[in-house]
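J.: There's a structure below that I have some questions on.
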DNA sequence: CTCTTTTTTTCGAGCCTCGAAAAAAATAAT
DNA sequence: ATTATTTTTTTCGAGGCTCGAAAAAAAGAG
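Protein chains in written order, with the working numbering: chain A, 699 to 1109; chain C, 699 to 1109.
Printed below as a string of structure tokens:
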């Protein structure tokens, strides 16, 4: 916290900075890197030489544009895809998927399988996860062992990013995936909230729009949120936090899946939309497992004629709108991405949502609010996990605290 | 953002670190500083020697405890109170106050005056502010010019900390106090939200309790909030943010002073408590200027017997409770300080508040929630402003970007 | 084939932090 | 009274790092 900066921190941080610049730019020249990092060409030259000799970067002679300019042509450098391999695992409702990804971010292999997550025992769930990891690790290229595993789960994770504290996809709580997987494979593992990974993925995919401040809202069975503020992923003080879906919309209102009442999710989650569309009492749980297909069908009816279906989407949009309004009262308006299957019904929710926001303090700078939709959340989660893992490698493995001078023998 | 670290940044940051360590510890020895900063004794020796020769620190031979230990006694260093002078100005409802404060944080002079802020014209309000600043600056010790002014206002300030965007204490909006005062006095000025300064003040006063994560709620005419997360003051992306009082408690509910409906403040602000206690319709504005004394009298009645007064405080507590519950869903539970005159009625609000929180997602880790009350907000605001100004001097003035080698003439 | 332009590397200078040793300043022991 | 011990602080040289200037490299232009 109040720790001074040591001399060796300098190189470490600047190395990480150079790697980060290359990861963002793709194939920058040394001159480009010097420009973005504001370090001198001599320093960049020294650092890139180190990184190349360590196999982290490679030169790629073909600058994307030869430019036919006068003078010595720029030599582009890029990440050496073979420098490391990482593994992403996504555990969501009734589905487990994993992907093996190289250091440049390209997918090497992947696997996806259906699982009745709600019914599995704790052991079976863990075993399935260990199994998919084992199979994919087996497929890692020779000499490029997997160096990091990031597991994204729908649910609340702890702030040390090691455990799943609670999840709607399984009745079991407090599953210490990190310790389990680390003892099995001896590879560092972090456990992340799926919506937080969506936010990281969005920024990676579109850094123009999703830059310093933005919000990702996942509309699915439940309502999730990931948020980036001041360029940093927002998390709770003790958990992954950002449980937007469990902010209170109407005190003592509709029954939520979490057992409490009046949560936003109890008005805007899949099951809540179904409950309202079918005229079921809002104080009772929904017995049926409401699927994406159910919602699609309801949305079609809602578009075709007024009625309880349309009203159900209106109520959902209103709940999200008031929630965003309250959130904007705290953080000010920011761009919003509506992610997940619910984004397909955004047309039905947009107007009530904007109307609600306009009735809140968040409506003041409404110019800063803009919506974008992305119905398929899975690729975003995977990309977010990959970025999280690769950033870790960049910083902790390839820019380590010790300058590692092997050969100096003390005895 | 992606800027590398230069060599001269090193010394700059470590200087700031040393100053900060001295400010926190009071009278540490060089050894103490080395321990808290994790820098080597040699480095600390060099930096403190610089700081002493520049008049920023002074040695104070009398270590607070002679300790009678063996060995060379520690020589304590402390901030040189004469190194700088700063000015804090607090503009709140019907009151303007200012204080001249030395570099060690001791008050040199202060002035306080009543003002009908709601009725003053924009020019009169600005003139009053300029006037109080002018009078106090005049009292600055010889050779110690005021180096920084921090103005705290009840209301929303912009994120560049220069303007008052909107305030309940005046009908005028968008007052650029920084530019006005800077052109008048040629001293850097920042404009801050009062509740944010309360948070800074709380941390300074009790760093044990108010450390990495906590919330300060100001219960006064309106409801304000300042929040520290991960050790950093939380602000909006475009403004001071943290408008807890304008999160929505009941959609389309009671009329708020801001003109919207259902805000927490419309249930828990002074005027809202009065409105409910007197059985006035919640859809109508309160004509009367509800004073702290009114609330005190209502609280007395509420304590003496059941009735609308007690119910009014219950409703207020409930509104704050649900609001905190929603906030905790986002950030996880954290210690709360209830600040301002409303804290005197906390006994009437505590139970409904806790009951409400228990009905939200924030109630899960309720062990991490704890309340503390501080009825007098003014000293906290002033201390927060002082710390803000002094921290600025520590970092920007006494640890500047340029190593400042005057005497080197280029021509 | 030479000149010009641009990129990249090389090299020495200047800082900064660190560790080891020395110096300083006290108490404890003889 | 003097010496030994202990702890704090300073001094000094070593090692690293970044930077600027100059050189080298690698092209196109003339």
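Just so you know, even glycine gets a beta-carbon here, dropped at the ideal spot from N, CA and C.
If you're wondering where the values come from, they're calculated on a predicted model, not measured in any experiment.
Contact between the region 977-985 of chain A and the region 1015-1030 of chain A: three or more CB pairs below 8 Å?
T.: no
J.: Under a three-way DSSP split, which group does residue 796/C fall into?
T.: Residue mapping note: residue 796/C aligns to position 98 of the second chain, counting from 1. In this structure, residue 796/C counts as strand in the three-state DSSP scheme.
J.: Just checking: is the beta-carbon of residue 699/A within a distance shorter than 8 Å of some beta-carbon in chain C?
T.: Residue numbering aside, residue 699/A sits at position 1 when the first chain is read from its first letter. Note that residue 699/A scores a pLDDT of 49, beneath 50, so its modelled location is shaky; the value from the coordinates is reported in the next line. Yes, contact with chain C.
J.: With a cut-off of 8 Å, does the C-beta of residue 936/C fall near any C-beta of chain A?
T.: Residue mapping note: residue 936/C aligns to position 238 of the second chain, counting from 1. Yes, because at least one Cβ of chain A sits closer than 8 Å to the Cβ of residue 936/C.
J.: How far does the alpha helix (DSSP H) with residue 751/C in it extend, from its first residue to its last?
T.: Counting from one through the second chain, the residue named residue 751/C turns up at place 53. Run containing residue 751/C: 739-751, per the alpha helix (DSSP H) assignment.
J.: Would you tell me roughly how many angstroms separate the C-alpha atoms of residue 712/A and residue 991/A, rounded to the nearest one?
T.: The sequence position of residue 712/A within the first chain is 14, counting from 1. The sequence position of residue 991/A within the first chain is 293, counting from 1. Rounded to whole angstroms, residue 712/A and residue 991/A show a C-alpha spacing of 50 Å.
J.: At the 8 Å Cβ level, is residue 1047/C part of the contact set with chain A, yes or no?
T.: Within the second chain, the letter at position 349 stands for residue 1047/C. It does not; no Cβ of chain A falls within 8 Å.
J.: Could you tell me which residues DSSP pairs with residue 899/C in its beta bridges?
T.: Taking the second chain and counting its residues from 1, the one referred to as residue 899/C is at position 201. According to DSSP, which records beta bridges pairwise, residue 899/C is partnered with nothing at all.
J.: List, from N- to C-terminal side, the beta strand (DSSP E) runs of 3 residues or more that fit wholly inside the region 978-1035 of chain A.
T.: none
J.: Entirely within the region 1039-1074 of chain C and at least 3 residues each: give me those beta strand (DSSP E) ranges in chain order.
T.: 1069-1072
J.: Under 9 Å between beta-carbons, which chain C residues line up against residue 1063/A? List them in chain order, please.
T.: Looking up residue 1063/A in the first chain gives position 365. In chain order: 936 and 937.
J.: Where does residue 995/A land, buried or exposed, given buried means 16+ other C-beta within 10 angstroms?
T.: Residue 995/A sits at position 297 when you count from the first residue of the first chain. Residue 995/A should be labelled exposed.
J.: For residue 1101/A, would you say it is in contact with chain C, using Cβ-to-Cβ distances shorter than 8 Å as the test?
T.: Position 403 of the first chain holds residue 1101/A. In this prediction, residue 1101/A has a pLDDT of 41, which is less than 50 and means its spatial position is unreliable; nothing more can be read from the coordinates.
J.: Could you check where the beta strand (DSSP E) with residue 877/A kicks off and where it finishes?
T.: Position 179 of the first chain, counting from 1, holds the residue named residue 877/A. First-last for residue 877/A: 875-883, but that is the alpha helix (DSSP H), not the beta strand (DSSP E).
J.: What did DSSP end up calling residue 956/C once you bin it into helix, strand or coil?
T.: Here residue 956/C refers to the residue found at position 258 when the second chain is read from its first residue. The answer is coil: DSSP assigns residue 956/C none of H, G, I, E or B.
J.: Classify residue 645/A as helix, strand or coil using the three-state DSSP reduction.
T.: No information on residue 645/A is available, as it lies outside the stretch 699 to 1109 that chain A covers here.
J.: Is the Cβ-Cβ distance between residue 850/C and residue 915/C less than 8 Å?
T.: Start at 1 with the first residue of the second chain, and residue 850/C comes out as number 152. Start at 1 with the first residue of the second chain, and residue 915/C comes out as number 217. Taking 8 Å as the cut-off, the Cβ atoms of residue 850/C and residue 915/C do not count as close.
J.: In chain C, what lies closer than 7 Å to residue 1024/A by C-beta?
T.: The sequence position of residue 1024/A within the first chain is 326, counting from 1. Those are 945, 946 and 1024, listed as they occur along chain C.
J.: Mapping DSSP to helix, strand and coil, what is residue 1105/C?
T.: In the second chain, counting from the first residue as 1, residue 1105/C sits at position 407. Only weak support is given to the placement of residue 1105/C: the predicted model assigns it a pLDDT of 27, under 50, and the value that follows is read from those uncertain coordinates. Here residue 1105/C carries a coil assignment [DSSP, helix/strand/coil].
J.: Secondary structure at residue 697/A, three-state DSSP: helix, strand or coil?
T.: Nothing in the structure corresponds to residue 697/A, since chain A is present only between 699 and 1109.
J.: Which residues bound the alpha helix (DSSP H) around residue 834/A?
T.: If you number the first chain from 1, residue 834/A lands on position 136. Here the alpha helix (DSSP H) through residue 834/A covers 820-836.
J.: For residue 945/A and residue 709/A, what's the separation of their Cα atoms in angstroms?
T.: If you number the first chain from 1, residue 945/A lands on position 247. If you number the first chain from 1, residue 709/A lands on position 11. Near 44 Å, if we compare the C-alpha coordinates of residue 709/A and residue 945/A.
J.: Rounded to whole angstroms, what's the CA-CA distance from residue 732/A to residue 723/A? Just pull it up for me.
T.: Counting from 1 along the first chain, the entry for residue 732/A is found at position 34. Counting from 1 along the first chain, the entry for residue 723/A is found at position 25. Rounded to whole angstroms, residue 732/A to residue 723/A spans 12 Å at the Cα level.
J.: Let me confirm a value: residue 841/A is counted as buried when at least 16 other C-beta atoms fall within 10 Å, else exposed. Which label applies?
T.: In the first chain, counting from the first residue as 1, residue 841/A sits at position 143. Its Cβ having fewer than 16 others within 10 Å, residue 841/A is exposed.
J.: For a cutoff of 8 Å on Cβ pairs, would you count residue 748/C as touching chain A?
T.: Taking the first residue of the second chain as position 1, residue 748/C is located at position 50. By this cut-off, residue 748/C is not an interface position.
J.: Rounding to the nearest angstrom, what Cα-Cα distance links residue 801/C and residue 908/C in this structure?
T.: For this step, residue 801/C is matched to residue 103 along the second chain. For this step, residue 908/C is matched to residue 210 along the second chain. Distance between the alpha carbons of residue 801/C and residue 908/C: 23 Å.
J.: In whole angstroms, what is the alpha-carbon distance linking residue 706/C and residue 754/A?
T.: Against the second chain, residue 706/C aligns to sequence position 8. Against the first chain, residue 754/A aligns to sequence position 56. In a straight line, the C-alpha of residue 706/C is about 28 Å away from that of residue 754/A.
J.: Taking Cβ to Cβ, would you say residue 714/C is nearer than 8 Å to residue 1093/C?
T.: As a working note, residue 714/C is residue 16 in the second chain. As a working note, residue 1093/C is residue 395 in the second chain. Yes, Cβ-Cβ distance for residue 714/C and residue 1093/C is below 8 Å.
J.: When you compare the region 935-955 of chain C with the region 1051-1058 of chain A, are there three or more beta-carbon pairs, one atom per stretch, that lie closer than 8 Å?
T.: These segments touch.
J.: Since residue 927/A contacts residue 911/A with CB under 8 Å, what's their CB separation in whole angstroms?
T.: For the purposes of this step, residue 927/A is taken as residue 229 along the first chain, with counting starting at 1. For the purposes of this step, residue 911/A is taken as residue 213 along the first chain, with counting starting at 1. About 6 Å separates the two Cβ atoms, so the contact holds.
J.: Any beta carbon of chain A sitting closer than 8 Å to that of residue 1009/C?
T.: Working through the second chain from its first residue, we reach residue 1009/C at position 311. At a cut-off of 8 Å between C-beta atoms, residue 1009/C does not count as an interface residue with respect to chain A.
J.: Looking at chain C, is there any beta carbon in it that lies within less than 8 Å of the beta carbon of residue 712/A?
T.: Your numbering for residue 712/A matches position 14 in the first chain. Interface residue, yes.
J.: Taking beta-carbon pairs under 7 Å, can you tell me which members of the region 830-845 of chain A lie near chain C?
T.: none
J.: Between residue 1013/C and chain A, is the shortest Cβ-Cβ distance under 8 Å, so that the two count as touching?
T.: As a first step, residue 1013/C is located in the second chain; it is residue number 315 there, counting from the start. No - not a single Cβ of chain A is within 8 Å of the one on residue 1013/C.
J.: Name the residue from 720/C, 718/C, 721/C and 735/C whose alpha carbon lies nearest to the alpha carbon of residue 703/A.
T.: Locating residue 703/A in the first chain gives position 5, counting from the first residue. Of the listed residues, the one whose Cα sits closest to residue 703/A is 735/C.
J.: Please list, in chain order, the chain C residues whose beta carbon lies closer than 9 Å to that of residue 956/A.
T.: Start at 1 with the first residue of the first chain, and residue 956/A comes out as number 258. The answer, in chain order, is 1059.
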